[in-house]
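Before any comments, here is the structure.
Now the structure itself:
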């Protein structure tokens, strides 16, 4: 009898412990009331060193601890931040920035022009994946304490936007020589990283910087960024109320997430479809023929692909420029309406009535459905797609280049100039055959050096030309979904994987 | 005894060297373009080449390995290529998490499987059949399915436990209990099935021995016979299975830590291996190998303590 009593007492203690834990552990709602944001993220911080910083999914880490020289609104408009004013010389090869004078780094060092100049040069010379953002930076010098002059090798239409991203992150110069630079950031941002509470790779704890120069941008006392690299774990964390805001694991789980009381904030960040790399026909002569590329575009039933692959979340498109671009033209999205007959005619006119074989890479990352559907739809017009799975070497092999065409999900950058230099220009990473077309080069030159009106018109013409010449075969822009609970609000950021940190705030 | 321990430690060191060499070569051969993987799809070819140079990936395999080995021998395992964190810190901050799961699961396995095994062996009949059925079921159902089922029922529906995350024991005992209970159960189920069968078989064998009949004829109670004498004799094989189970659980923790987003060695092993983070993977290989060597040594010593017949000279 006594043993049973003792057992019951132990069980009661455990039960009370667990009950106590529920209260102590805290639901997201109580955390919000005490101004804690639990943010679910899908990648850990690669580094906190501003010179080598990543962006996109890692932008919340950087924006917590660092300020950028300039700041972007949700629609991409460039606004003042550390720099209050800026001006170019006549040929846009010199940018002069005027800085705030009331900013201090968390180590007590005062922000000055020399600190900004040093940071910009370090980013240019660092190993950030986006270091090309400052490729045109020849030099950066302090004119006086609050004035920085950037000298460029050539004008850069995207420079101001780049300074709102990782290229504009400013770190305390005193921290440059710190051994723990990659894991212990010293910036002037709205929060500081609590290295004692942080488990690198798993959860990062940020505490409010009480001396921050712009208190209106600080919405929480504490931000905990929890890394969920497994989509199931992320979904369980959302459904279990362990996060206030998070990247949505995938579009399959949106209904479940909504049923848990969460709201979806969505935007369109990427485009999904084919990059017909070998436009010169050096690896696969058929792709050198514009009629074949056009036939490929006619072969896809894009609404069906969106429904099957993207679960209907997104927008069908045939152009790689996003709606936020001055070059976007909605009418281009029906340029190649699904028409197998027309596609076969074009194949015959190009001399490929009997079809041809197209070698492409596959990747488990995208699932199997897109590759099967692609294979089926191209088979209809006589093209036999043969896949090779390069495994972890997918991107290196694609950019080597080892394939004449690929299926991919690619980002639509916040500026046209960034997009052009990422996917179109002769030296663009995603133009691995470095294919050149004199007409395209002409458009690019006008976009680079022309007046605002000429540049905008050239972007439009370039987009129309690329669609007509079928450089790509886009299918749709998948919706990028961000999840917030009932106490949290967020605004989607044009051209970024997640909302900017200051745009995630308590609803009240 | 000391001679035995020294001999085992020396063979452990040789094992560590061999494992580290093979692992490094395999990682190098299967690594692909690690610099590109670190920098992602936006980086230019030149940026990727710069990164490869900074990491020393443009050097021959032998030079890279000997460089890593010489640093490792001086206790410097380098930094993670993906997070910049020193490897020793990345491992030491996570090893306690994984060990708390694995030790908890081993303890749970030992207690439940001994109870079930002894119950089945002593009672036989329907009890035996039920225990055997449970064992087969435990073997058949994959650990990750059990983990997902536990999360859905006890964390998301009943809200008794946390679906993800980990709270340190030193920070909050109830918090720790709420975060480790489900993962420990998920890890233990497969083990219980195996060890319970082993205990059952060993106890049945032991119960048939002459000394048991003698003990009974002297008027000793059933409980005393079973728990003081039979179990001690039957414990050897069960302990061997349990030690294998412990090593297996280190592997099982990989899946469970992913599902429960627990910051342990398993979770980081999955990430580091898929990324090609050679310094971190090598650190993890060493840490795991050291744990396995130590566990095997301890089990050998325990076997000797349990059964004088196998006591070491």
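Protein chains in written order, with the numbering used here: chain A, 134 to 641; chain D, 297 to 609. The beta carbon of each residue, even a glycine, is placed where N, CA and C say it ideally should be.
Exercise. Going by the CB atoms, is the gap between residue 379 (chain A) and residue 387 (chain A) shorter than 8 Å?
Worked result: With respect to the 8 Å criterion, residue 387 (chain A) and residue 379 (chain A) are not classified as neighbours on the basis of their beta carbons.
For this session: State the Cα-Cα distance for the pair residue 204 (chain A) and residue 623 (chain A), rounded to the nearest angstrom.
Result: Residue 204 (chain A) and residue 623 (chain A) have their C-alpha atoms roughly 17 Å apart.
Exercise. Can you round the beta-carbon distance between residue 315 (chain A) and residue 182 (chain A) to whole angstroms, since I take them to be within the 8 Å contact cut?
Worked result: Indeed, because the Cβ distance is near 5 Å, the residues count as touching under 8 Å.
Exercise. Going by other Cβ atoms of all chains shown within 10 Å of its Cβ, with 16 needed for buried, is residue 349 (chain D) buried or exposed?
Worked result: Here residue 349 (chain D) is exposed: its Cβ has fewer than 16 other Cβ atoms, across all protein chains shown, within 10 Å.
Exercise. What residues from chain A crowd round residue 555 (chain D), counting only those whose CB sits closer than 7 Å?
Worked result: What residue 555 (chain D) touches in chain A: 363, 365 and 366.
Exercise. Starting from residue 639 (chain A) and walking both ways along the beta strand (DSSP E), at which residues does that stretch end?
Worked result: The continuous beta strand (DSSP E) containing residue 639 (chain A) extends over residues 637-639.
For this session: Tell me, please, whether the CB atom of residue 370 (chain D) is closer than 8 Å to any CB atom in chain A?
Result: No, residue 370 (chain D) does not count as interfacial toward chain A.
Exercise. Does residue 580 (chain A) come within less than 8 Å of chain D when only Cβ atoms are used?
Worked result: No, because no Cβ of chain D sits closer than 8 Å to the Cβ of residue 580 (chain A).
Problem set entry | Separation of residue 267 (chain A) from residue 277 (chain A), as counted between CA atoms | Looking at the two C-alpha atoms, the distance is approximately 22 Å.
Exercise. For chain D, is any of its Cβ atoms less than 8 Å away from the one on residue 545 (chain A)?
Worked result: Residue 545 (chain A) does not count as touching chain D.
Exercise. Is the stretch 467-474 of chain A close to the stretch 490-504 of chain A, with three or more CB pairs under 8 Å?
Worked result: Not touching, per the Cβ criterion.
For this session: Starting from residue 276 (chain A), trace the beta strand (DSSP E) both ways and give me its first and last residue.
Result: Counting along the chain, the unbroken beta strand (DSSP E) around residue 276 (chain A) starts and ends at 270-277.
Exercise. With a Cβ-Cβ cutoff of 8 Å, do residue 537 (chain A) and residue 417 (chain A) count as a contact?
Worked result: A distance below 8 Å separates the beta carbons of residue 537 (chain A) and residue 417 (chain A).
Exercise. Hey, does residue 298 (chain D) have any beta-carbon neighbour from chain A nearer than 8 Å?
Worked result: Not one chain A Cβ lies under 8 Å of residue 298 (chain D).
Exercise. Do residue 364 (chain D) and residue 578 (chain D) come within 8 Å of each other at the CB atom, strictly closer than that value?
Worked result: Taking 8 Å as the Cβ cut-off, residue 578 (chain D) and residue 364 (chain D) qualify as a contacting pair.
Problem set entry | Among D:424, D:599, D:561 and D:576, nearest to residue 368 (chain D) - alpha-carbon criterion | The shortest Cα separation from residue 368 (chain D) among D:424, D:599, D:561 and D:576 belongs to D:576.
For this session: Look at residue 421 (chain D) and residue 548 (chain D) and say whether their C-beta atoms are less than 8 Å apart.
Result: Not closer than 8 Å, so no.
Problem set entry | Helix, strand or coil at residue 352 (chain A) according to DSSP, with G and I counted as helix | Residue state, collapsed to three classes: coil.
Problem set entry | Test item: CB-CB of residue 377 (chain A) and residue 617 (chain A) under 8 Å | Cβ distance < 8 Å, so residue 377 (chain A) and residue 617 (chain A) count as in contact.
For this session: Could you confirm whether any beta carbon from chain A is found closer than 8 Å to the beta carbon of residue 378 (chain D)?
Result: Yes, its Cβ sits closer than 8 Å to a Cβ of chain A.
Exercise. If you draw a straight line from the alpha carbon of residue 154 (chain A) to that of residue 431 (chain A), how long is it in whole angstroms?
Worked result: Confidence at residue 154 (chain A) is low in this model, with a pLDDT of 39, below 50, so its placement is unreliable and no value can be given for it.
For this session: Would you mind stating whether residue 614 (chain A) and residue 369 (chain A) have Cβ atoms separated by less than 8 Å?
Result: No, these two residues do not count as a Cβ contact at 8 Å.
Exercise. At a CB-CB cut-off below 9 Å, which residues of chain D make contact with residue 177 (chain A)?
Worked result: Chain D residues near residue 177 (chain A): 378, 379 and 567.
Problem set entry | Residue-chain proximity (residue 537 (chain A), chain D), Cβ-Cβ < 8 Å | Closer than 8 Å: no.
Exercise. With distances taken between CB atoms, is the gap from residue 459 (chain D) to residue 373 (chain A) smaller than 8 Å?
Worked result: Against a cut-off of 8 Å, the Cβ pair of residue 373 (chain A) and residue 459 (chain D) comes out as a contact.
For this session: Could you tell me whether the stretch 537-549 of chain A touches the stretch 286-306 of chain A, using the rule of 3 or more Cβ pairs below 8 Å?
Result: Touching, yes.
For this session: Give a yes or no on whether the minimum CB-CB distance between residue 483 (chain A) and chain D is below 8 Å.
Result: It does not; no Cβ of chain D falls within 8 Å.
Problem set entry | Near the ligand PLP: residue 586 (chain D) beta-carbon under 7 Å from a heavy atom | The ligand PLP is absent from the structure shown, which contains no ligands of any kind.
Problem set entry | Beta-carbon proximity of residue 282 (chain A) to residue 231 (chain A), cut-off 8 Å | Going by C-beta atoms, residue 282 (chain A) is not nearer than 8 Å to residue 231 (chain A).
For this session: Could you please tell me which residues of the stretch 392-409 of chain D, in chain order, have their CB closer than 8 Å to any CB of chain A?
Result: Cβ contacts with chain A: none found.
Exercise. Which one or two residues does DSSP pair with residue 364 (chain D) in a beta bridge?
Worked result: As computed with DSSP, residue 364 (chain D) is found in no beta bridge at all.
Exercise. Alpha helix (DSSP H) containing residue 337 (chain A): first to last residue?
Worked result: For residue 337 (chain A), there is no enclosing alpha helix (DSSP H); the residue is found in the beta strand (DSSP E) stretching over 336-341.
Problem set entry | Beta-ladder partner(s) of residue 510 (chain A), from DSSP | None, per the DSSP bridge assignment.
Exercise. Under a Cβ-count criterion, where at least 16 other Cβ atoms within 10 Å of its own Cβ denotes burial, should residue 161 (chain A) be classed as buried or exposed?
Worked result: The predicted model places residue 161 (chain A) with a pLDDT of 40, which falls under 50 and marks its position as unreliable; any figure quoted below should be read in that light. When all chains shown are included, residue 161 (chain A) counts as buried.
Problem set entry | Residue-level contact to chain D via CB, residue 617 (chain A), 8 Å cutoff | Not one chain D Cβ lies under 8 Å of residue 617 (chain A).
For this session: Leaving out five residues on either side along the sequence, give the residues of the same chain with a beta carbon under 7 Å from the beta carbon of residue 597 (chain D).
Result: Excluding the 5 residues flanking it on each side, residue 597 (chain D) has no same chain C-beta neighbour closer than 7 Å.
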